[in-house]
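Participant:
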């Protein structure tokens, strides 16, 4: 069942297209994250779903109904703003019940719902205070309460945690996700923080330059990034990207400037190999090749970033630098020559020019890039 | 022990030296004259051969029996009661209008602010022309619609309202600037949050805009009220207090008593009353409204 459906949404200001032909659906009761760097159009998309901004073209459907001409509550939508947008002159209770009182909900019902929401968010002792007397985290809860009390089927959140410190952000992240699942709300959540997206979302819609780059489950986004951009944007430490070239025979792909290790059984010019640090294993100084690893080579340890449980080991391989993630205690020493290796299945292959993912086996671009809408699909083929 | 006392004394001396210029100016031009005015009101007016002597509160008794004083006071209260809310209301309405995204808003803002730039005498003369019976602007318009001519400033029933109109015209543009600044301080997010809840325009105004511009409203109201009791130039330029004292306001009456009738003692007594009225107004507003105002 569909919670929210966005079809060919465009928002243009003059010649600039902030949102350019964006389509996606969010299933009822699920949490979708609009992820992307600033200026990618994610907030504008959210504002068009809220009805705060009119699309230049395209439609928004909520619960199967075209909601053009309606705003916010009338669309069945509640919203949490980045700045919280709490009314500074009203108490916490009045802030939360603002929407209800505007819609002339009877007093007893209002009190009952306020009770429920305050209980849910632990705001009971703060109801009489003014927003100015609350901490950032508490203000965030009030903003959330104001959105939840409406009991709207869809809740939109615009970078709700970006003004909080890291610890608080982590707690609230869990709390929001738990609430969303418990109450069965459809949530659309905008953020530029990939950790937030990966840890909360049922689906991540990655945007760039007003278009959808990839729309996938977090695990798919991580395991099969659809483009170089997605590969760079997602993941704790960024993916190693290595240019490939043809070997002497011109039939196999090798790491550019290195003729030893065949990476792919096909020409490699114009391709980029992506390897996540956690997929590269270091065999240790003994020189043993890690068991079961298909591809491997030797490299010099150049730099070690010790993180406690993990360590990021940067190795030099001719002109390339490769970062591998090892257990903190297993990190080799700087200057050591080590054997590194990775599984064939861990390799991501991209077209260097267009940036899109390719199927490692064939010359054609990957046909099974998951859940990409058809229009973007076409766009890709013409651009490659 | 002795050094500590000396140091503390030194600090006090320094502090007083720092505020000295301000204290001297304020005392010389405000506090001393106030006290002198009060003293002048309880002594007789000195004349050749008769030095001033103490007469107590006799003048205040005379004042209570002076019908022109009562008329001036009533006129003034009426003046304040009408011009203050009307000009605040207009100022806020204009500010809300020109703070929105409308074509030509810079021109509109300028147009609204224009009356403030004019000197009072110039404004009074423009309006004198508007009010002129027979060929004044108002009468010319009235003629178009088939009405007869009105002697706006010469009739006891229309003279005071005519003066009020000039004050409102001149002040609301000025107050608009304050409201405009206040409105721009309100975060646009708040309006969007209200839009999400489908609040009507009136609800947005009553629940968000109005409470948030309240500090400005208080500031403007106090200024407007004080101005209402300080008006004198406009009365002198337009009506001279007439007809039959219908436009006589407190300060104008004081001016008349002091500089036309040369009864400076009585003028001092009247001034004392005016000062008390103004002090009460200011105090009352601060204490009554302060509690209901949200300061950010």
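Protein chains in written order, with our numbering: chain A, 117 to 500; chain B, 617 to 912.
Note that the Cβ used here is the ideal one computed from N, Cα and C, for glycine as well.
Quantities reported herein were computed from a predicted structural model and do not represent experimental measurements.
1. Would you mind listing the beta strand (DSSP E) stretches within the stretch 424–452 of chain A that are 3+ residues and don't spill past its ends, in chain order?
2. Who are the Cβ neighbours of residue 900/B in its own chain at under 7 Å, not counting the five residues just before and after it?
3. Checking the sheet assignment: what are the DSSP bridge partners for residue 732/B?
4. Need the endpoints of the beta strand (DSSP E) that residue 305/A sits in, please.
5. Would the beta-carbon of residue 208/A fall within 8 Å of that of residue 258/A?
6. When DSSP labels each residue in this structure, what does residue 205/A get in the three-state scheme?
7. Is the separation between the beta-carbon of residue 734/B and that of residue 746/B shorter than 8 Å?
8. Assign residue 146/A to buried or exposed, taking buried as 16 or more other Cβ atoms, counted over all protein chains shown, within 10 Å of its Cβ.
9. To the nearest angstrom, report how far apart residue 417/A and residue 353/A are at their CA atoms.
10. Within a Cβ cutoff of 6 Å, which residues of the same chain sit near residue 433/A, ignoring the five residues on either side of it in sequence?
11. Excluding the 5 residues preceding and the 5 following residue 346/A in the sequence, name in chain order all residues of the same chain whose CB lies nearer than 6 Å to its CB.
12. Can you give me the start and stop residues for the beta strand (DSSP E) that residue 671/B sits inside?
13. Name the chain B residues that come within less than 8 Å of residue 168/A, Cβ to Cβ?
14. Can you list, in chain order, the residues of the stretch 181–194 of chain A whose Cβ is nearer than 9 Å to any Cβ on chain B?
15. For chain B, check one thing: does any of its Cβ atoms lie closer than 8 Å to the Cβ of residue 354/A?
16. Along chain A, which residues have their Cβ under 7 Å away from the Cβ of residue 827/B?
17. The beta strand (DSSP E) that contains residue 501/A, what's its start and end?
18. Taking only beta carbons into account, state which residues of the stretch 121–142 of chain A come closer than 7 Å to chain B, listed in chain order.
19. Taking the straight line between their C-alpha atoms, what separation do you get for residue 479/A and residue 140/A?
20. Got a sec: is the Cβ-Cβ distance from residue 712/B to anything in chain A below 8 Å?
21. Who are the Cβ neighbours of residue 729/B in its own chain at under 8 Å, not counting the five residues just before and after it?
22. Quick one, are the C-beta atoms of residue 795/B and residue 711/B less than 8 Å apart?
23. Decide if the stretch 148–161 of chain A is in contact with the stretch 204–223 of chain A; the criterion is three or more beta carbon pairs, one per stretch, under 8 Å apart.
24. Could you spell out the range, first to last residue, of the alpha helix (DSSP H) harbouring residue 836/B?
25. Looking at the structure shown, is residue 325/A part of a helix, part of a strand, or coil, going by DSSP?
26. What span of residues does the alpha helix (DSSP H) with residue 139/A cover, start to end?
27. For residue 757/B, count neighbouring Cβ atoms within 10 angstroms of its own Cβ and tell me buried if that reaches 16, exposed if not.
28. Short of 9 Å Cβ to Cβ, which residues in the stretch 214–242 of chain A face chain B?
29. Use the C-beta contact count for residue 655/B: other C-beta atoms within 10 angstroms, 16 or more gives buried, fewer gives exposed.
30. For a test of the three-state rule: what should DSSP assign to residue 165/A, helix, strand or coil?
31. Could you tell me the boundaries of the alpha helix (DSSP H) in which residue 789/B lies?
32. So, is residue 818/B buried or exposed, given that buried needs 16 or more other C-beta atoms within 10 angstroms?
33. Between the C-alpha atoms of residue 120/A and residue 253/A, what's the straight-line distance to the nearest angstrom?
34. Consult DSSP for residue 183/A and reduce its assignment to one of helix, strand or coil.
35. Residues of the stretch 774–806 of chain B with a CB closer than 8 Å to any CB of chain A: list them in chain order, please.
36. List, in chain order, every chain B residue whose beta-carbon is nearer than 8 Å to that of residue 201/A.
Facilitator: According to the structure shown:
1. 426–433, 436–443
2. One-based indexing of the second chain puts residue 900/B at position 284. The answer is none, since no qualifying residue turns up.
3. Your numbering for residue 732/B matches position 116 in the second chain. Residue 732/B is not bridged to any residue.
4. Translated into the one-based positions of the first chain, residue 305/A becomes position 189. Element bounds for residue 305/A: 302–307.
5. Your numbering for residue 208/A matches position 92 in the first chain. Your numbering for residue 258/A matches position 142 in the first chain. In this structure, residue 258/A lies closer than 8 Å to residue 208/A by Cβ.
6. The residue given as residue 205/A occupies position 89 in the first chain. Residue state, collapsed to three classes: coil.
7. The residue given as residue 734/B occupies position 118 in the second chain. The residue given as residue 746/B occupies position 130 in the second chain. Not closer than 8 Å, so no.
8. As a working note, residue 146/A is residue 30 in the first chain. By the neighbour-count rule (16 or more Cβ atoms within 10 Å), residue 146/A is buried.
9. Reading the first chain from its first residue, position 301 is the one you call residue 417/A. Reading the first chain from its first residue, position 237 is the one you call residue 353/A. Distance between the alpha carbons of residue 417/A and residue 353/A: 18 Å.
10. Working through the first chain from its first residue, we reach residue 433/A at position 317. The answer, listed in chain order, is 415.
11. Sequence index remark: in the first chain, residue 346/A carries index 230 (1-based). Excluding sequence neighbours, residue 346/A sits near 322, 329, 330.
12. Taking the first residue of the second chain as 1, we reach residue 671/B at position 55. Where residue 671/B is concerned, there is no enclosing beta strand (DSSP E), given that its DSSP letter is neither H nor E.
13. Counting from 1 along the first chain, the entry for residue 168/A is found at position 52. In chain order: 808, 811, 812.
14. 186, 187, 188, 189, 190, 193, 194
15. What you label residue 354/A is simply residue 238 of the first chain in a count that begins at 1. Judged by the 8 Å Cβ criterion, residue 354/A is not in contact with chain B.
16. Translated into positions along the second chain, residue 827/B becomes position 211. Those within 7 Å of residue 827/B in chain A are 205.
17. Look at the range of chain A in this structure, 117 to 500, and you will see that residue 501/A is not part of it.
18. none
19. Locating residue 479/A in the first chain gives position 363, where the first residue counts as 1. Locating residue 140/A in the first chain gives position 24, where the first residue counts as 1. For residue 479/A, the predicted model reports a pLDDT of 48, less than 50, meaning its position is unreliable; a value from the coordinates is still stated below. Going from the Cα of residue 479/A to the Cα of residue 140/A covers about 29 Å.
20. Start at 1 with the first residue of the second chain, and residue 712/B comes out as number 96. So, not an interface residue.
21. Translated into positions along the second chain, residue 729/B becomes position 113. Same-chain partners within the cutoff: 789, 790, 792, 793.
22. In the second chain, residue 795/B corresponds to position 179, counting from 1. In the second chain, residue 711/B corresponds to position 95, counting from 1. Yes. Within cutoff.
23. no
24. Taking the first residue of the second chain as 1, we reach residue 836/B at position 220. Where residue 836/B is concerned, the enclosing alpha helix (DSSP H) stretches over 826–846.
25. In the first chain, the residue the question calls residue 325/A occupies position 209. In the structure shown, residue 325/A sits in coil (DSSP, three-state: anything other than H, G, I, E or B).
26. Counting from 1 along the first chain, the entry for residue 139/A is found at position 23. Element bounds for residue 139/A: not the alpha helix (DSSP H) but the beta strand (DSSP E), 132–143.
27. Here residue 757/B refers to the residue found at position 141 of the second chain. Residue 757/B should be labelled exposed.
28. 214, 215, 216, 217, 218, 219
29. Counting from 1 along the second chain, the entry for residue 655/B is found at position 39. Classification for residue 655/B: exposed.
30. Along the first chain, read from residue 1 onward, the residue named residue 165/A stands at position 49. Three-state result, residue 165/A: helix.
31. Start at 1 with the first residue of the second chain, and residue 789/B comes out as number 173. Residue 789/B -> alpha helix (DSSP H) spans 772–801.
32. Reading the second chain from its first residue, position 202 is the one you call residue 818/B. Burial call: exposed.
33. Taking the first residue of the first chain as position 1, residue 120/A is located at position 4. Taking the first residue of the first chain as position 1, residue 253/A is located at position 137. Their Cα atoms are separated by approximately 29 Å.
34. Taking the first chain and counting its residues from 1, one reaches residue 183/A at position 67. Residue state, collapsed to three classes: coil.
35. 803, 805, 806
36. Start at 1 with the first residue of the first chain, and residue 201/A comes out as number 85. Result: 803, 805, 806, 808, 809.
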